[in-house]
Amino acid sequence: MQELLRRNPAARAWALIMPSLVFLLVFFVAPLFIVLIYSFLTRGKYGGVVWQFNPENFQRALDPLYFSTFLRSIYIAVVTTLICLVLGYPLAYWITTRPPGQRNLLMLALMIPFWTNFLIRTYAWLTLLRTNTGLINVSLMSLGVIKKPLPLFANDFAIILGLVYGWLPVMVLPIYAALERLDKSLIEAAQDLYATNRHVFLRVIWPLSLPGVVAGSMLVFIPAIGSFVTPAILGGGKSLMIGNIISNQFLAAHDWPFGSALSTLMMLVMLLGTLIYFRSALREGGGV
Amino acid sequence: MDSTPAVELCDVVKTFGEVTAVDHVSIQIQDGEFFSLLGPSGCGKTTTLRLIAGFEMPTSGEIRIGGETQGFRPPFRRPVNTVFQQYALFPHMTVYENVAFGLQMQKIDRAEIRRRVGEALEMVHLQGMEKRRPKQLSGGQQQRVALARALVNRPKVLLLDEPLGALDLKLRKAMQLELKSLQEHVGITFIYVTHDQEEALTMSDRIAVMNEGKVLQIDAPAELYENPKHRFVADFIGETNFLPVKIVQLHPDIVVELGDGTRLPAGWAEEHLRVGQEAMLSIRPEKINLYEERELSPPNATTARVQGTVERLVYVGTDTHHTVRLRNGDTIVARLQNFYVEEEPWEVGETTYAQWDAAHARVLSKE
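Going down the list, the sequences are from chains B and W. Residue numbering for the first sequence follows the numbering used here, beginning at 293 and increasing consecutively. Residue numbering for the second sequence follows the numbering used here, beginning at 5 and increasing consecutively.
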């Protein structure tokens, strides 16, 4: 065995990736298949599954009741991604214009919220946003700015706010990396060739930062569409996303096959969204 | 004939915090001139170019292009274009798109753009490369795209920031000649930044030698080489011998004295120098000839002569460098052309007399 490893570089490479390969096969690929198989089975009485083929799970998933939640999840994820992009791009750009030492400090500052547990941070928003006892409404009312509490909680606004707050840093990171790599003399070249600031951005900076924009958008969109902690807490049990329904199927309704079917559909939506997005973004960026 | 200069810098200063990058620079560049800014890295030549382009704004002083004061005009409103050091081609655009960019920004109509881009690519011999991306081109080809991208706009002045720096020696030599003939062909004023003195001498009509933010001398290549007016210029351009001397007399003729009392006539001295001051005598190695004692003619006022010993011979093909140790311990190098191949006149240890025409010897300030 040692002799083989010494002689054969390919064997060495395999030996090195074997642990991660095994890990991914056992804990990622296999469960994925289990979900896929479960989605075609019949529910057991107290959870679990009965090994009997049942295609109705998918029919049920397309029922308007669930389908509208699907659409709403996509809508919330898209809006979250767009807001993160609009907020994150200028921030990333601004950071690249700082002196190098400051840049690292700012990137670190961007990561600091991650040091606190996501659940706790989401609960913190709860204390701010709650309709009658939330800090924002209470202070605004006691100051006499508003008479009735603002609808800040248990709606799409609260969920999107929570998601933007949570995922903004992962939008900034790849955009920052792309902008940082951008050769500043290209900007000067464009200016030299009579491009106004608007054109410098549209024709040079934006297309060259697209790989970062694509990566950042994926990193926000995917967790946003599948999120369930944020809608569970900030949706106040009224405004739900597909993630909440899936978790309900497993934990409350004991309908594992139906939960699996919803999961499978959600993965399909993500896959499709990702593909469409990549295609269009790459076409615009000229395949760089 | 007294036309407006293409570019005029009047007492321009540029400071970055504590550092003065450009120190009271005044230059007038004539229309159609190939003008070089030459100096070591950090001398302020690139900053000067960037001031003309509008990438930097002067701290004080004035820049005029075609007689028009530029003030704080941004780069896209100046009638100049730049060829960047690393070309700065847009990697996400094809060759055609790169060259067409400036014309598109000027809102020139499509047919006209197509015609002019075609012409520009033909001028730099890149026909048929329109669809390629910069990455698919060699260094020399990228260089040509950068040139075409700038020239297609027909600027009043083309600014070039060490454009040949990234090319290998042979290609660089070929491009030097090509650039020069291109410049003559299009008749546009070129302002060329380089640290390579040979490159500057080969191509330029006039050269400004810069050091530590200051322009030391502006002259035609031959004038600059033959008649340097500053120690730095004599040292930076070509090779020279510096002999520490004391000034004995300045009028009517200039006479200096070596450490051992040998008196030498000289052709020129910096104006501010005074009798009794220490200075440097600069003499180019190829101006020096070596003689045996019996070959010497009677001394005269226009010939300088020092006695020494041949210390080292370095054969470099076209000529042989003779290092001569003078009696006072200084050394000078005489570069003798290998005209007669058979002859081998000097040997190490031989006594020799180094002699040169006093007109070639220049007395320069020690610092």
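Glycine included, C-beta positions come from ideal geometry on N, C-alpha and C.
Buried or exposed (CB count within 10 angstroms, at least 16 for buried), residue i
{"i": "residue 132 (chain W)", "result": "exposed"}
{"i": "residue 16 (chain W)", "result": "buried"}
{"i": "residue 371 (chain W)", "result": "exposed"}
{"i": "residue 560 (chain B)", "result": "exposed"}
{"i": "residue 444 (chain B)", "result": "buried"}
{"i": "residue 431 (chain B)", "result": "exposed"}
{"i": "residue 240 (chain W)", "result": "buried"}
{"i": "residue 558 (chain B)", "result": "buried"}
{"i": "residue 489 (chain B)", "result": "exposed"}
{"i": "residue 300 (chain B)", "result": "exposed"}
{"i": "residue 214 (chain W)", "result": "buried"}
{"i": "residue 121 (chain W)", "result": "buried"}
{"i": "residue 283 (chain W)", "result": "buried"}
{"i": "residue 417 (chain B)", "result": "buried"}
{"i": "residue 407 (chain B)", "result": "exposed"}
{"i": "residue 471 (chain B)", "result": "buried"}
{"i": "residue 295 (chain B)", "result": "exposed"}
Within-8 Å CB hit, residue i to chain W
{"i": "residue 478 (chain B)", "result": "yes"}
{"i": "residue 448 (chain B)", "result": "no"}
{"i": "residue 491 (chain B)", "result": "yes"}
{"i": "residue 394 (chain B)", "result": "no"}
{"i": "residue 488 (chain B)", "result": "yes"}
{"i": "residue 496 (chain B)", "result": "yes"}
{"i": "residue 483 (chain B)", "result": "yes"}
{"i": "residue 499 (chain B)", "result": "yes"}
{"i": "residue 475 (chain B)", "result": "yes"}
{"i": "residue 572 (chain B)", "result": "no"}
{"i": "residue 580 (chain B)", "result": "Annotation note: pLDDT 43 at residue 580 (chain B) (below 50); position unreliable, coordinate value reported separately. So, interface residue."}
Contact check, residue i vs residue j, beta carbons under 8 Å
{"i": "residue 359 (chain W)", "j": "residue 331 (chain W)", "result": "no"}
{"i": "residue 387 (chain B)", "j": "residue 395 (chain B)", "result": "yes"}
{"i": "residue 12 (chain W)", "j": "residue 68 (chain W)", "result": "yes"}
{"i": "residue 150 (chain W)", "j": "residue 186 (chain W)", "result": "no"}
{"i": "residue 305 (chain W)", "j": "residue 361 (chain W)", "result": "no"}
{"i": "residue 153 (chain W)", "j": "residue 98 (chain W)", "result": "no"}
{"i": "residue 541 (chain B)", "j": "residue 551 (chain B)", "result": "yes"}
{"i": "residue 220 (chain W)", "j": "residue 236 (chain W)", "result": "yes"}
{"i": "residue 90 (chain W)", "j": "residue 170 (chain W)", "result": "yes"}
{"i": "residue 354 (chain B)", "j": "residue 343 (chain B)", "result": "no"}
{"i": "residue 242 (chain W)", "j": "residue 363 (chain W)", "result": "no"}
{"i": "residue 509 (chain B)", "j": "residue 377 (chain B)", "result": "yes"}
{"i": "residue 83 (chain W)", "j": "residue 70 (chain W)", "result": "yes"}
{"i": "residue 331 (chain B)", "j": "residue 553 (chain B)", "result": "yes"}
{"i": "residue 30 (chain W)", "j": "residue 208 (chain W)", "result": "no"}
{"i": "residue 450 (chain B)", "j": "residue 421 (chain B)", "result": "yes"}
{"i": "residue 379 (chain W)", "j": "residue 53 (chain W)", "result": "The first residue shown for chain W is 5 and the last is 371, placing residue 379 (chain W) beyond what the model contains."}
{"i": "residue 299 (chain W)", "j": "residue 367 (chain W)", "result": "no"}
{"i": "residue 135 (chain W)", "j": "residue 100 (chain W)", "result": "yes"}
{"i": "residue 496 (chain B)", "j": "residue 479 (chain B)", "result": "yes"}
{"i": "residue 295 (chain W)", "j": "residue 356 (chain W)", "result": "yes"}
Chain B contact for residue i (CB, 8 Å cutoff)
{"i": "residue 421 (chain W)", "result": "Absent from the structure is residue 421 (chain W), since the part of chain W shown begins at 5 and ends at 371."}
{"i": "residue 110 (chain W)", "result": "yes"}
{"i": "residue 105 (chain W)", "result": "yes"}
{"i": "residue 92 (chain W)", "result": "yes"}
{"i": "residue 57 (chain W)", "result": "yes"}
{"i": "residue 80 (chain W)", "result": "yes"}
{"i": "residue 85 (chain W)", "result": "yes"}
{"i": "residue 129 (chain W)", "result": "no"}
{"i": "residue 96 (chain W)", "result": "yes"}
Inspect the CB distances between the region 260-267 of chain W and the region 222-237 of chain W and report whether three or more fall short of 8 Å. No contact exists between the region 260-267 of chain W and the region 222-237 of chain W.
Restricting to runs no shorter than 4 residues, where is the alpha helix (DSSP H) found entirely within the region 310-339 of chain B? Entirely contained in the region 310-339 of chain B, the alpha helix (DSSP H) runs reaching 4 residues are, in chain order, 322-330.
Counting pairs of Cβ atoms below 8 Å between the region 92-111 of chain W and the region 471-485 of chain B, do you hit three or more? Contact between the region 92-111 of chain W and the region 471-485 of chain B is present: 3 or more CB-CB pairs across the two stretches fall below 8 Å.
Segment contact flag, the region 422-440 of chain B with the region 356-364 of chain B, C-beta cutoff 8 Å, min 3 pairs: No, the region 422-440 of chain B does not touch the region 356-364 of chain B.
Touch check for the region 193-213 of chain W and the region 45-62 of chain W: three-plus C-beta pairs under 8 Å? Touching, per the Cβ criterion.
Check whether the region 533-540 of chain B and the region 507-521 of chain B touch, using three or more Cβ-Cβ pairs below 8 Å as the test. Because the criterion of three Cβ pairs below 8 Å is met, the region 533-540 of chain B and the region 507-521 of chain B touch.
Using 8 Å as the Cβ pair cut-off and three pairs as the minimum, do the region 81-90 of chain W and the region 156-168 of chain W touch? Contact between the region 81-90 of chain W and the region 156-168 of chain W is present: three or more C-beta pairs spanning the two stretches fall below 8 Å.
Count the CB pairs spanning the region 112-128 of chain W and the region 55-62 of chain W that are closer than 8 Å, and state whether there are at least three. Fewer than three pairs of CB atoms, one per stretch, sit closer than 8 Å, so the region 112-128 of chain W makes no contact with the region 55-62 of chain W.
Meets three-Cβ-pair contact criterion under 8 Å: the region 309-324 of chain W and the region 333-352 of chain W: Contact between the region 309-324 of chain W and the region 333-352 of chain W is present, with at least three C-beta pairs closer than 8 Å.
Let me know the alpha helix (DSSP H) ranges lying completely inside the region 58-115 of chain W, each 4 residues or longer, listed in chain order. Here the runs fully enclosed are 99-109.
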